[in-house]
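Numbering (this note's numbering), first residue to last: 41 to 722. From the three backbone atoms N, C-alpha and C, an ideal C-beta is built for every residue, glycine too. Small disclaimer: the values here were computed from a predicted structure and weren't measured.
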């Protein structure tokens, strides 16, 4: 069981998308501003030709660019609204492929002018506004790396026979600079291997096959304006004393053919980030992103040696600290600025991770022998003696969480009390005049969310219908850490859930070789005496059962939403549990080891689940029950962990409890990673 995040402290999502001029619009580019992933704040226009020539300090250039981008009153209002809603914003600049000429602008200097007592802010150098040039595409971004140490391949390329305008690469100086930059990395977090000298494409490919997580590549980069292609200069295997420019297409194939878990490429190469105005995915750095590398840092011009060293040192240190690549780039650029070094705008981050999370951390198992815990859990999953129970926290990042829904209902029904994030209480207030009113409102709210975020229909019979008609499956599968898709890859025959949504079923349908069935408890209906209600056939790995304990979106009358709903369910289950639950569900609750995901300790649905379904009539099985408990550090003070565990022990008495100190997403990613590693060893 897990206590989910008490509050989301990550920056709000803000995407600025720039399109090419529409027919008849002249030089005016259409701009759309989207906030929170699904809320379109405004659309307007941007005229790049109105920009004055580059001159002045970085701040002055950035303020001119900001003024031009937000010259349209609607866009200016959208920026102000997003700024007011969330001071911390993750900024994704998404330039349409047909507007690729705009990539020549110094977007990393984008500067919000001073307002009142607040100074001007260089957005790409502020930790509260992580900035990237975002490249969308139909590719999987991969999941955050959990293993340590991280493997970094440093390739310092100095081939013979370079063109006369390219000076030899000073390998010794470059190595000393990188070693100085990496010296600040915490002990045990980074393992560096070196590839130096006249490196050929085959040499680089062979090293990538060894599985580095990062590639730091120092080489000369050039851009052919006639061919509109970028190249990196490597040794020519056909001419031992020569070199050749390996163009972006060949480099992309080299990286695409690698079995490496490569997550980051740092191109410390002059002009390696220059882009052709003809296509957005032309140029070495963008090509590597298109080939499957989630993050590429590249230099869009010649870079000062000290600037490069300071940027790299801060970038790697901060990335290893928190794992967010866009935030690390901002922090590194900030240090360059404050040091008064030239070229803070030269390093550019191209990204295909929406949340910037390149690295992750494993949670911590409390108590002795943590590896025994994992070994036992993996064995239970293989033996089909583990049952996951999904709570509302697994919806984070996909659908509004209960607190968000409660806030929307509170606004809609003018809720007068202070506990505006307590969904059962707010829904109870909304049901004062008509008991089914909050159920209809919640359904409509979720359908509108799907419409706004995943281009679902504006109206639908149910959330399930809206999601099936939307791009949820395809879009969510791009996120390797999406919880439902990860759980669908584990061989559970039965998935229990107290959420009403179909996400677990849809994720299973998208998994090859699995044909799920979806059922709910009929708690409002008069139960029949005799045989328990059992959906046929029995659940299996190939035909898993998703069973909803608190109702589904396709039958709003079955939803457990208000306080009265929770109490009525508890009373019904306490009286007729064995007639309400299918036999295999009852057996799973009483005899298998339970894996709770997405619950807060204080949630009413968790208490109903414990008191109604688990404690009622299951006392004979308690000594055999092992319960996996996850507690997010943001939800429970670490100094009060013992109190939290005592709270759980009151409910589970003599059960075997192990506490995982980490979030739902961490736990599921950790579990799936370990299961995959174990499967490869079998």
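Note on residue 269: 16 or more other CB atoms within 10 angstroms of its CB, so buried under the neighbour-count rule. For residue 75, the enclosing beta strand (DSSP E) begins and ends at 68-75. When only Cα atoms are considered, residue 243 and residue 197 end up about 11 Å apart. Per DSSP, the beta bridge partners of residue 339 are 387. The stretch 471-557 contains, as complete alpha helix (DSSP H) runs of 4+ residues, the segments 477-494, 503-508, 512-517, 523-528 and 543-549 (chain order). For residue 415, the secondary structure class from DSSP, reduced to helix, strand or coil, is helix. In the three-state scheme derived from DSSP, where H, G and I count as helix and E and B as strand, residue 276 is classed as coil.
If you draw a 10 Å sphere on the C-beta of residue 432, you find 16 or more other C-beta atoms in it, and that means buried. Between residue 483 and residue 503, the C-beta gap is smaller than 8 Å, which places the two residues in contact. Annotation: residue 362 to residue 251 spans about 22 Å, alpha carbon to alpha carbon. Bridge partners of residue 183 according to DSSP: none are assigned. Note on geometry: alpha-carbon atoms of residue 215 and residue 347 lie some 15 Å from one another.
If you check the CB distance, residue 228 and residue 189 come in under 8 Å. Beta-bridge analysis with DSSP links residue 294 to no other residue. Burial is judged here by how many other beta carbons sit within 10 angstroms of a residue's own beta carbon; residue 157 has fewer than 16 and is exposed. Contact fails between the stretch 65-77 and the stretch 147-163, because fewer than three Cβ pairs, one in each stretch, are under 8 Å apart.
In this structure, the beta-carbon distance from residue 377 to residue 105 does not fall below 8 Å. A distance below 6 Å between beta-carbons, with the five flanking residues on each side excluded, links residue 235 to the following residues of its chain, in chain order: 195 and 247.
Per DSSP, the continuous alpha helix (DSSP H) segment holding residue 719 begins and ends at 704-721. In this structure, the CA atom of residue 82 is about 17 Å from the CA atom of residue 126. Residue 709 and residue 396 do not touch by the CB rule: their CB atoms are close to 16 Å apart, not below 8 Å.
Here residue 481 is near residue 449, since their CB atoms are less than 8 Å apart. A straight-line Cα-Cα distance of about 6 Å links residue 52 and residue 130. With a cut-off of 8 Å on Cβ pairs, the stretch 581-591 is in contact with the stretch 546-560, counting three or more such pairs. Residues 372, 376 and 387 of the same chain have their beta carbon placed closer than 6 Å to that of residue 351, with the five preceding and five following residues left out of the count. At least 8 Å separates the beta-carbon of residue 296 from that of residue 334. Segment contact: the stretch 536-543 against the stretch 463-474, fewer than three CB-CB distances shorter than 8 Å; contact not assigned. Inside the stretch 187-233, DSSP marks whole alpha helix (DSSP H) runs of 4 or more residues at positions 211-222, from first to last along the chain.
Residue pairing of residue 256 in beta bridges, as defined by DSSP: 194 and 306. In terms of CA proximity to residue 287, 273 leads the group 277, 273 and 280. If you look at residue 106, you'll find it in the alpha helix (DSSP H) that goes 98-109.
For residue 700, the three-state secondary structure derived from DSSP is strand.
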